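Whatever position you read off the sequence shown (first residue = 1), add 14 for the working numbering. Note that the Cβ used here is the ideal one computed from N, Cα and C, for glycine as well. All of these numbers come straight from a predicted model, not from anything done at the bench. Notes to accompany the following structure.
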Amino acid sequence: MSDQPRLVVISNRVAVPKARGVAGAQGGLAGALNAALKKYTGVWFGWSGEEVDEHTGEISTQTTDGVTTATMDLSARDIDEYYNGYANSTLWPLFHYRLDLAEYERETGKGYERVNELFAEAAAPLINDGDLVWVHDYHLIPLGERLRARGLKNRIGFFLHIPWPAARLFVSLPYHERLVHTLLHYDVVGFQTAEWLDSFLHYCRTELGAEVDDEAGTVTLDGRTTLARAYPIGIDWDHFSALGATAEAQKAEKRLLSSTRHRTAMIGVDRLDYSKGLPERLDGIGRFFDQHPERVRDLVFIQIAPPSREDVDSYQQIRAELEQKTGQINGARSEVDAVPVRYVNRGYSHGELFGFFRAAKIGLVTPLRDGMNLVAKEYIAAQDPDDPGVLILSRFAGAAAQLPDALLVNPHSPDDLAHAIGKALDMPLAERKERWEKLVVTVRDDNVQDWTANFLRDLAAQV
Ligand code: G6P
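Spelled out as structure tokens, the structure:
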């Protein structure tokens, strides 16, 4: 691998060693990048997750399991305006089609640009001539342009882990043109699915008047050309599937099985985020038990939802809503010896999740909108080939495009969800196997190593 260029990865969230292993809480990005980076020399730069009084620009570097990370602290004001503000109260809701939750504040917009400049200032010295630079996600859209302004001639790519909204929605963002102009300073811009890519290209063509070459997948504006393509992210198949043999996973599987006894366990694992469709999921489950009250003896739903972005109002509201809905279903449907919903606000290690997924004969992944969703893929990877469970998957998750053999549902419809739950619960073994055998091929073959290789191959090919 000595002929491979060095790789510099930049993302807001970096999997610092103490956070490694706690899946769910950190979302798909950090885990995926950690896996991807093991094969490359270079460095992964980002925010430490720590808050300080004054930003000092100091960088701390460490190497764990073959991955070198460099991190910087941010001040309370930076975190407030850039992370809680523009990234998570403006871009995140808008990109997840939640215009009702998107806030447009001039101050947070300025904070976002200021922190992107801080990232550029701190990252530039880490980048050598010839390195490939790979920037990740909505927190850092302008970073490529900021690096170019510092004279960097390297090939710089960007990958968006979340959806790209339809042009009609995106234009509600003040200064939307400016944001996309910065994006067009990258050599390669990657999206999770063809749907998000098409929305982006449509916007570039209709709103910016850019020249879009559909065949070549390029966008040209002001004499600069960017390759825009879909690169669906996958899981680290080798690592994840090997967890099945660990004592941790086996213990977790037994623990869940012994606590559910004769009931089928149905599981959901999501960051506590409104994009994940958790209240709607509970409505579907409530509808199922309304229609089949006796099945409280057959089915128990376990929702693991580690809290996320707790300083943002909309996240506090969704938490309160979930507590209320869980209480309602359990109050109305519990028997003295059977409670229908177990709701857990903490994260578990990947090993434990593997065991829980295997013990659960139904996996429920029903986001209202999701860039990809790797929980869906992990659920498939954890199944027993002789007795696989059923994946119920939202048609609005990026993963649905790749996993058509799941039971695809409209998460906004309680009836549709209730119907899918009944179908999954009663699905004969032969059908479960047939569906799973098709799903697992995609999950195994389109893995995170392929995703990295595909993106970096295209980036390296840019002149
Ligand atoms: C999603 C985003 C990531 C983010 C993760 C966890 O997967 O695409 O960029 O890191 O959520 O969210 P957090 O705000 O804790 O980093």
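7 angstroms CB neighbourhood of R160 in its chain, flanking five on each side removed: N130, E131, A134
At what residues does the beta strand (DSSP E) containing Y556 begin and finish? Since the displayed the chain opens at 15 and closes at 477, residue 556 lies outside it and no answer follows.
Ranges of the beta strand (DSSP E) found wholly within the region 256-343, counting only runs of at least 3: 278-283, 313-318
Residues in the same chain with beta-carbon distance under 6 angstroms from W465, minus the five sequence neighbours each way, listed in chain order, please. Y245, I247, G248
Could you tell me if the beta carbon of A411 falls within a distance shorter than 7 angstroms of some heavy atom in the ligand G6P? no
Where the alpha helix (DSSP H) containing T456 begins and where it ends: 443-459
How big is the Cα-Cα spacing for W178 and W210? 5 angstroms
Tell me whether L43, by its Cβ, gets closer than 7 angstroms to a heavy atom of the ligand G6P. yes
Which of helix, strand or coil DSSP assigns to G35: Summary for G35: the model assigns pLDDT 46, below 50, so the residue's position carries little reliability, and this model does not support an answer.
Excluding five sequence neighbours on each side, which residues of the same chain lie with their C-beta closer than 6 angstroms to the C-beta of A224? C218, V233, L235
Could you tell me which residues DSSP pairs with D227 in its beta bridges? T232
Since K52 contacts G71 with CB under 8 angstroms, what's their CB separation in whole angstroms? 28 angstroms between Cβ atoms; not a contact.
What I want to know is whether the C-beta of D94 ends up closer than 7 angstroms to one or more non-hydrogen atoms of the ligand ATP. In the structure shown, the ligand ATP is absent; the only ligands present are the ligand G6P.
Given that a residue counts as buried once 16 or more other Cβ atoms are within 10 Å of its Cβ, and exposed if not, what is Q206? buried
Classify V203: buried if its beta carbon has 16 or more other beta carbons within 10 angstroms, exposed otherwise. buried
Report all residues from its chain with a CB closer than 7 angstroms to the CB of G35; omit the five preceding and five following residues, and keep chain order. Residue confidence for G35 is low, a pLDDT of 46 falling below 50, so the modelled location carries little weight; the figure read from the coordinates is stated next. Hits under 7 angstroms: S363, H364.
Where the alpha helix (DSSP H) through W148 begins and ends: W148 -> not in any alpha helix (DSSP H); beta strand (DSSP E) instead, spanning 146-150.
Please report the distance separating the alpha-carbon of L241 from that of P19. 20 angstroms
Would you identify the three-state DSSP class for A396, choosing helix, strand or coil? coil
Q331 versus E121 - alpha carbon distance: 23 angstroms
What is the rounded straight-line gap between the Cα of V353 and the Cα of I343? 9 angstroms
If the criterion is Cβ atoms closer than 8 angstroms, does the pair A181 and H153 meet it? no
So what does DSSP say about N142, is it helix, strand or coil? coil
Exposed or buried, what is A90 when buried is set at 16 or more other beta-carbons lying within 10 Å of its beta-carbon? exposed
Span of the beta strand (DSSP E), counted from its first residue to its last, around A489: The displayed coordinates of the chain run from 15 to 477. Any statement about residue 489 would go beyond what the structure contains.
Out of V423, M441, Y200, H306, which one is the CA nearest neighbour of V508? Residue 508 lies beyond the residue range present for the chain, which begins at 15 and ends at 477; the question has no answer from this structure.
Once the 5 residues before and after P188 are set aside, which same chain residues still bring their CB inside 6 angstroms of it? Y118
On the DSSP bridge list, what partners appear for M86? W61, I73
Would you grab the beta carbon distance between A413 and K391 for me? Rounded to a whole angstrom, and I think it's under 8 angstroms. 7 angstroms
Would you say the beta carbon of H195 is closer than 7 angstroms to some non-hydrogen atom of the ligand G6P? no
Coil, strand or helix - S408 by DSSP: strand
Buried or exposed: N48, going by 16 or more other Cβ atoms within 10 Å of its Cβ? buried
Take the Cβ of E366 as the centre, count every other Cβ of all protein chains shown within 10 Å, and call the residue buried at 16 or more, exposed below. buried
Contacting residues, own chain, Cβ-Cβ under 6 angstroms from G282 (five flanking each side not counted): Q317, L378
Which residues bound the alpha helix (DSSP H) around V194? 190-197
Quick check: the Cα distance between M15 and H199, rounded to an integer number of angstroms? Low confidence applies to M15: its pLDDT is 47, below 50, so where it sits in the model is not reliable, and the reading given next is rough at best. Rounded to whole angstroms, M15 to H199 spans 29 angstroms at the Cα level.
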